[in-house]
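So the protein sequences, as listed, match chains G and V. Just so we're aligned: 241 in our numbering is position 241 of the first sequence, and the numbers increase by one with no gaps anywhere. Just so we're aligned: 1337 in our numbering is position 337 of the second sequence, and the numbers increase by one with no gaps anywhere. What follows is one structure encoded as structure tokens, with my remarks underneath.
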Amino acid sequence: MVTNFTKYRRRIRDVLFAQTSIAPLIVFRIIFGLMMFAGTLRFWSKGWIESLFIQPDHFFHYYGFDWVKPFGELGMYAAFGLLLISSLCIALGMFYRVATVVYFILFTYVELIDVTNYLNHYYFISLVAFLMCFLPAHRCLSFDVWRKPSLYCDVIPSWPIVIIKFQLGIVYFFAGIAKLNQEWLFDAMPMSIWLQAEAHWPVIGNFFTEKWLAYSFSWLGCIFDLTVVFFLLTRRFRPAAYSVLVLFHLMTGMMFPIGMFPWVMILTTLIFFSSDFHQKIIIFIYSKLNLKVASAIEYNSLFLHGFKRRFLTFFLVTYVFFQLLFPFRYLLYPGDLFWTEQGYRFSWRVMLMEKAGTAFFYITDPETGRKGEVDNSQFLTLTQEKMMATQPDLILQYAHILAEEVKSKGLKSPIINAEVYVTLNGVRSKLFIDPEVNLVELKDQWIHKDWILDR
Amino acid sequence: MKKILRFASVVGVLIGFSSCDSEKPNDSVGYSDLFEHTADNLIIPSYAQFQSDLSALNADFNSFDASEVQSLERLQEQFKATYLSWQSISAFNFGPAAEYSALLLMNCNSFPTNIAKIEDHVQSGSYNLGVPSNYEAKGFPALDYLLFHTSQSDLLIELADSSRVNYISDCIDDMQKRIDEVVQSWDSYRAVFVASKGNDRASSLSLLFNNFLYDYENLKRDKFALPSGFATQYGIPVSADHALVEGYYSQMSFELLDANLSALQKIYLGIGLDGVDGVGIFDKLKEYNAQSTVVDGDLALAIQEQFEACREAISVYTNDLSSEIESNNLNLSQTSNTLQKLVPMIKNDMRSYLSVTVTSTDADGD
């Protein structure tokens, strides 16, 4: 037992602290910074700062984060301005530590404002930005090294690269696990619905209405997600796996309105390529910019010793375990995950279901007995209404938003019921929650919501 | 370096391959048949019909003689016919109709109308019907008031007043100007509408679907639930108010409601203005149902049956909706439920099958 433990510890140490080239991390930093810059610009130019953070009258908060509020018009534009500057600083390796911390905090803040904006790849970016705060990704080809040459190093311990590969692997692997379900594999649902919508594609579009193609896409997508990361880790299959990856993301990028996600994945997975590959990119940039290659210092403090190293190891192992376990928290809840969405977020469940809801909210004034249906558009944006109508925790939040609103208008103790219909994966709309329950009396909690009806 | 180049070229070829193939047109599949039929047999003829009805109304008005009750009756009848004809185009509030210079829906049918404002305009003779604040003082609801709000004999006295006559004439002219523009714009917009591919926010599929849904939701709420006392205003339950119905003064709210329902049903089924049954959303849903792996009853048929149920539900009333509200008819709540049932069928099931995009933001969930 003891020897086993020592053996594992040694193995962990070998994986995390082996010497490796800094090149992949540097290329990753530059790509990440530039991509985040482009992504923020895109977000800005589409007018989403206005429509997502300024226009809405109400915001849906994450459990425990109801204190996160938008800054108002000027504040929001300032935050996005800072995001632009800090992402550019990350790319340039300029005041790297400050830039990553600012980027991480602001990006996460923006995502926490409204749950209805949740996207898995935003969560991914938050996590990577968090990790970046601790990585020595500015110690080569950077403004910081130019300013302070002693920062330069060409060899680093391998954990920074390992943890990013791990994070990427998690995204694919869990997306694959999530596809291991009856509907995805054996009904080709929702793939057959989605493909029909793209039947206008030339040449292959003609096959999109064929069942066999929907099944093939479902299975191939699942196998791809489950295995691609392992192929990327092998030298032999890497080029083939990456080509498939590029094709996969471009296809899905054309099929679904998933924005930057395909590009984020295509470019960040370059980190799986060899040090030589990245070294060549760096040398190429050096030669183009006419930079002098610095020489490495003798002593490299990055490898750490004693307590510091143990602490870092502990931190990384905890992070890994959290990432591995958190997506499985849904097992603690009864009922069908896709239907109840209890434990659904932060688990890499990307493009898995076709779900739509219609929510009729009724407010009753117990004093007059008068009852009326709410016009949701008087309180929510289209996006908010759409997201709310299929997610029980948001339905409950909306009821409380309504209660606050009508209380402020003098309706002291409103009774709020919701008649919600949801369709999931092409099965006709069904009643989603108990229409008799007074939502005002309920609180959002971690425990199972027993007012969700069976699928 | 070579490796990088080789690698870059592979990526380049892949990108090139996959991005160019969305450009070439392909008419054999998709929605072009639906768009063509809807444009040529529903939208364009309905606009033309409405345009000619409106001209007829204008003609009747120009020849109106305030000393003859028959002349007033003719005018009232033509008003009713035109208002009914409007119901066939209210769901097409996109493309030219949604252009700022037209904004048909807001300008033609904002109800309830604001009587005080109308009387004020008539009195002062100075008004600008082009501004949004006057939506509630123009269009059919304003004409409904001006042509029906009192007995025929009193109306004849009123309509001898030239300032009133001018106001009515301006209201009709305003609508004519707008519909003329829309009809003309459809000449070139038709090609754009028919050629549209895909399902994003700006696609014809999305425009057609979202306006269809919007029109139905308006029908359900503004034309029925709100006046009947089944709705809220900013969360506060409101009591029934018979004056909120569409066509309040002409007492034709049920007729208008049925015309609206029937128009939506025809769009759904693909029944053209001339009665020819072509490709409608119904037929597309049939195709999907036939191909889908998980089928839970025939959605296409269920929606059609619900349309029938709705029309039947409103056909049982003998009086106008405004009087039924006043007599506190208990059936109204039943009817409201029947109308409600169609909403999730359109908003969830139909939307899911057509994969229409509702919002413009990125998604990764559903």
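Just so it is clear, CB atoms sit at the ideal spot from N, CA and C, and this is done for glycine as well.
Which value, in whole angstroms, describes the spacing of the CA atoms of residue i and residue j?
i, j, result
"Gln1251 (chain V)", "Glu1324 (chain V)", "11 Å"
"Thr1338 (chain V)", "Leu1269 (chain V)", "20 Å"
"Tyr1031 (chain V)", "Ala78 (chain G)", "44 Å"
"Asp1298 (chain V)", "Asn1289 (chain V)", "7 Å"
"Glu50 (chain G)", "Leu112 (chain G)", "16 Å"
"Met353 (chain G)", "Val440 (chain G)", "30 Å"
"Val1122 (chain V)", "Arg1074 (chain V)", "23 Å"
"Met260 (chain G)", "Val350 (chain G)", "14 Å"
"Asp1065 (chain V)", "Glu1158 (chain V)", "12 Å"
"Phe1079 (chain V)", "Phe1282 (chain V)", "32 Å"
"Phe17 (chain G)", "Arg235 (chain G)", "21 Å"
"Cys1108 (chain V)", "Gly343 (chain G)", "49 Å"
"Phe186 (chain G)", "Lys355 (chain G)", "18 Å"
"Glu210 (chain G)", "Glu436 (chain G)", "43 Å"
"Ser1355 (chain V)", "Leu382 (chain G)", "16 Å"
"Ala1098 (chain V)", "Gln1184 (chain V)", "14 Å"
"Ala91 (chain G)", "Phe1209 (chain V)", "44 Å"
"Asn417 (chain G)", "Tyr362 (chain G)", "5 Å"
"Gly1235 (chain V)", "Gln1340 (chain V)", "18 Å"
"Val1343 (chain V)", "Gly372 (chain G)", "17 Å"
"Asp1021 (chain V)", "Ala1195 (chain V)", "For Asp1021 (chain V), the predicted model reports a pLDDT of 39, less than 50, meaning its position is unreliable; a value from the coordinates is still stated below. Taking the straight line from one Cα to the other gives about 16 Å."
"Thr1361 (chain V)", "Ala38 (chain G)", "16 Å"
"Ile433 (chain G)", "Gly335 (chain G)", "13 Å"
"Leu1273 (chain V)", "Ser1052 (chain V)", "14 Å"
"Leu226 (chain G)", "Tyr1100 (chain V)", "51 Å"
"His24 (chain G)", "Ser347 (chain G)", "According to the sequence displayed, residue 24 (chain G) carries Pro and not His. So the alpha carbons of these two residues sit roughly 27 Å apart."
Looking at the structure shown, is residue i part of a helix, part of a strand, or coil, going by DSSP?
i, result
"Asp1241 (chain V)", "coil"
"Ile416 (chain G)", "strand"
"Glu373 (chain G)", "strand"
"Arg1311 (chain V)", "helix"
"Thr390 (chain G)", "coil"
"Ser429 (chain G)", "strand"
"Gln1087 (chain V)", "coil"
"Thr466 (chain G)", "Within the shown structure, residues of chain G are numbered from 1 to 455, placing residue 466 (chain G) beyond reach of any answer."
"Val1276 (chain V)", "coil"
"Ala1195 (chain V)", "helix"
"Leu180 (chain G)", "coil"
"Leu424 (chain G)", "strand"
"Phe361 (chain G)", "strand"
"Ile271 (chain G)", "helix"
"Ile1271 (chain V)", "strand"
"Asn1319 (chain V)", "coil"
"Tyr1127 (chain V)", "coil"
If you count every other CB in all the chains shown that lies within 10 Å of the CB of residue i, and 16 or more means buried, which is it?
i, result
"Glu1312 (chain V)", "exposed"
"Asn1319 (chain V)", "exposed"
"His1037 (chain V)", "buried"
"Asp114 (chain G)", "buried"
"Phe311 (chain G)", "exposed"
"Gln1152 (chain V)", "exposed"
"Asn1260 (chain V)", "buried"
"Gln1265 (chain V)", "buried"
"Trp1086 (chain V)", "buried"
Looking only at DSSP bridge pairs, what is residue i linked to?
i, result
"Pro157 (chain G)", "G:Gln19"
"Asp1222 (chain V)", "Its beta-bridge partners do not exist; DSSP assigns none."
"Gly169 (chain G)", "According to DSSP, which records beta bridges pairwise, Gly169 (chain G) is partnered with nothing at all."
"Gln1233 (chain V)", "V:Ile1236"
"Lys355 (chain G)", "G:Leu424"
"Ile452 (chain G)", "G:Ile433"
For residue i, go through chain C and note every residue whose CB falls closer than 7 Å to its CB, in chain order.
i, result
"Trp48 (chain G)", "Included in the structure are the protein chains G and V, with no chain C among them."
Original post:
Which of the residues in the stretch 1136 to 1155 of chain V, read from start to end, lie with their CB under 7 Å from any CB of chain G?
Top reply: none
Subject >> Under 8 Å (Cβ pairs) to chain G, residues found in the stretch 1238 to 1271 of chain V >> reply: Val1238 and Ser1239
Subject >> the stretch 1347 to 1361 of chain V: positions lying closer than 8 Å to chain G by Cβ >> reply: Lys1347, Asn1348, Asp1349, Arg1351, Ser1352, Tyr1353, Leu1354, Ser1355, Thr1357, Val1358, Thr1359, Ser1360 and Thr1361
Original post:
If you measure beta-carbon to beta-carbon, which residues of the stretch 1312 to 1345 of chain V are closer than 8 Å to chain G?
Top reply: Gln1340, Val1343, Pro1344 and Met1345
**OP:** Output, in sequence order along the chain, the residues in the stretch 425 to 441 of chain G whose CB is closer than 8 Å to any CB in chain V.
**Re:** Asn425, Gly426, Val427, Arg428 and Ser429
Subject >> Members of the stretch 403 to 416 of chain G that neighbour chain V once the beta carbon cut-off is set at 7 Å >> reply: Glu405, Val406, Lys409 and Leu411
Subject >> Contact residues within the stretch 115 to 147 of chain G, judged by C-beta distance below 8 Å to chain V >> reply: Asn117, Tyr118, Leu119, Asn120 and His121
Original post:
What residues in the stretch 1190 to 1211 of chain V bring their beta carbon closer than 8 Å to a beta carbon of chain G?
Top reply: Lys1197, Gly1198, Asn1199 and Asp1200
**OP:** Name, going along the chain, the residues of the stretch 190 to 214 of chain G whose beta-carbon falls closer than 9 Å to a beta-carbon of chain V.
**Re:** Pro190, Ser192, Ile193, Trp194, Gln196, Ala197, Glu198, Ala199, His200, Trp201, Pro202, Val203, Ile204, Gly205, Asn206, Phe208, Thr209, Glu210, Lys211 and Ala214
Subject >> Contacting positions in the stretch 1033 to 1057 of chain V - beta carbon closer than 8 Å to chain G >> reply: none
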